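Report on the following structure.
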Amino acid sequence: MAVVTRLWKKFKSQPDVWFFYAFLATFTLSIRKVLFFYQIDGSFNEYSGTYLYVSDIFLFFSLVSWSLLSLNNKSLKLSIKDLTRGKFKKKKDLAFYLLPLSLVTWSFFSIGWSDNALIAWFSSIKLLELFLLYVYIANVSRETFKHMLEIIIALGLIQSILGVWQVLIQHSIGLFWLKESLISPNIDGVAKVILRNQKYIRAYGLFPHPNILGGFLLFSLVVSLYYFNVFRFKNTKKVPRGIKSFLISRRVFLMIVGVQALGLLVSVSKSAIFGFLIAAGFIIFSLRVPRGTIVARIRFVFNSLRSGKKVPHGTNKSYLKKASLVFLIIFFLIIILKPNAYSLFIKSLNERLLYLNVSRGTILSNMFLGVGSGQFVWNMSKYVPRGTYLLDWQFQPVHNVFL
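Position 136 of the sequence shown, counting from 1, maps to 141 under this note's numbering, and the rest follow consecutively.
What follows is the structure, given as structure tokens:
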């Protein structure tokens, strides 16, 4: 009873934070209510409807309670001061609010010339929702920011485990109450790869597509590297007592990153894998990290090799052996599994050519104003190349956010 009372007091003092935690815990789930949808080519289409997700409800309550508290206090303590340990320059940082706000404003203006006003309204509101989330995260306390990272890391672990599980059993786990996708090698439209001339499904986790799982795991992996090597400054060989100290041990760090990396690998999301390699390289070689962390040790070994210096015998040299072992394992896996190059690379490129051609036609025909927010899929039939018939599953957004 005392625990419940203590939690209730914390909730009353910071209701926005607790609603925000609930949003984070549910934003990877596809649990939703379909409010309204328009059929495309006589069938339901994911991108021509309006939806209310469970996470939307929690985020709404978080933003409303935060606004009310802010108005009541008449001031906001910006966490950026704590995170950067520097002075908050309002004029300079104001641009980071005005630039995305201008995009949101333009999105609402574009409703005026959109063919489907309801989809345009829904798309613009969702964009506004993301902007307000961005503003909220920029103003959370240091403690809330730390807990946010911890929740994202936990979600990355859970999604990775579920994705690996799906690949091992080659079908859905059965978590339909969490809106898990129905997947199997024999179902049309399910993302697959060909290994040794056999079809195998890619990992979905609880997401609607492996590429979305890959994108989220890219995000959670970067968060993990940041959290363990930058945000939490301690890193010792012996694990002291206590849960917090346990979380920062090297073995736990390697386990958490390893599981997420395996989940990213079985998602077979090439863009996400390539993006993670770039992000990891940036973190290792560009970001300032405290001495003694794993990233600092890897950087030390690399700099020693690049400068021609002898790598000291011991822990640092062992990283080279571990890296060599990983590359050898990957090399032999490629030889054993014999992945089909067409299914891995060429097929996806051919599919994306269609969306590139539709994008070109859409842009050239609507050079200045565009077609309106959320209207790409709705207008695909107008700009598809002549002689091309679109299948139901091909009605989806272009696979390039800039187009």
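Where a beta carbon is used, it is the ideal one built from N, C-alpha and C, also for glycine. Note that the structure is predicted; figures quoted are calculated from it, not measured.
Name the DSSP bridge partner or partners of residue i?
| i | result |
| --- | --- |
| TYR58 | ARG37 |
| PHE63 | PHE63 is not bridged to any residue. |
| PHE42 | GLY54 |
| SER48 | ILE45 |
If you compare alpha carbons, which of the options is closest to residue i?
| i | options | result |
| --- | --- | --- |
| LEU259 | PHE233, ASP193, SER48 and GLY168 | PHE233 |
| LEU189 | THR393, LEU200, ALA208 and ASN202 | Looking at the sequence shown, residue 189 is not Leu but Ser. The shortest Cα separation from SER189 among THR393, LEU200, ALA208 and ASN202 belongs to ALA208. |
| PHE24 | TYR52, SER70 and GLU51 | SER70 |
| LEU268 | LEU167, GLY179, VAL195 and PHE400 | First, the amino acid is wrong: residue 268 is Gly here, not Leu. When only C-alpha atoms are compared, the closest one is LEU167. |
| HIS214 | ILE158, PHE65, LYS197 and PRO105 | LYS197 |
| TRP182 | ALA27, SER35, GLN171 and PHE49 | SER35 |
| PHE127 | SER364, VAL228, TYR52 and TRP170 | TYR52 |
| VAL363 | SER129, ASN355 and LYS387 | LYS387 |
| PHE287 | SER272, TYR231 and VAL271 | TYR231 |
| LEU226 | LYS204, LEU133, PHE150 and GLY280 | GLY280 |
Could you give the distance in angstroms between the alpha-carbon of residue i and the alpha-carbon of residue j?
| i | j | result |
| --- | --- | --- |
| LEU252 | ALA266 | Residue confidence is low: LEU252 scores 47 on pLDDT, short of 50, so the model does not pin down where it sits. No coordinate-derived value is stated. |
| MET385 | SER177 | 31 Å |
| ALA378 | PHE400 | For clarity, residue 378 is Ser in the given sequence; the question names Ala instead. About 16 Å. |
| VAL264 | LEU395 | 38 Å |
| ALA159 | ILE261 | 9 Å |
| PHE212 | ILE157 | 15 Å |
| PRO20 | VAL389 | 49 Å |
| GLY54 | ARG357 | 23 Å |
| GLY392 | ILE45 | 19 Å |
| VAL22 | GLY210 | 27 Å |
| PHE65 | PHE41 | 20 Å |
| GLN164 | TYR56 | 23 Å |
| PRO402 | ASP193 | 19 Å |
| ILE278 | LEU135 | 25 Å |
| LYS239 | TRP383 | Its pLDDT being 46, under 50, LYS239 is placed unreliably by the model, and nothing is read from it. |
| VAL39 | SER186 | 16 Å |
| LYS1 | GLY219 | Lying outside 6 to 408, the shown extent of the chain, residue 1 is not represented and no answer is given. |
| LEU333 | SER272 | 21 Å |
| TYR360 | ASN77 | 49 Å |
| MET372 | ILE206 | 40 Å |
Does residue i pass the burial test, meaning 16 or more other C-beta atoms within 10 Å, or should it be called exposed?
| i | result |
| --- | --- |
| GLU148 | exposed |
| LEU223 | buried |
| LYS17 | exposed |
| ARG246 | Here ARG246 scores only 46 on pLDDT, less than 50, and its place in the model should not be relied on; the value that follows carries that caveat. Exposed is the call here. |
| TRP398 | exposed |
| ILE351 | exposed |
| ALA122 | exposed |
| LYS15 | exposed |
| ASN216 | buried |
| ILE283 | exposed |
**Item:** the region 97-117 / the region 134-147 touching (three or more Cβ pairs under 8 Å)
**Value:** yes
**Stretch pair the region 17-35 + the region 51-70: three plus CB contacts closer than 8 Å** = yes
**Request:** Say whether the region 114-124 touches the region 364-378, bearing in mind that this needs 3 or more beta-carbon pairs closer than 8 Å, one atom from each stretch.
**Result:** yes
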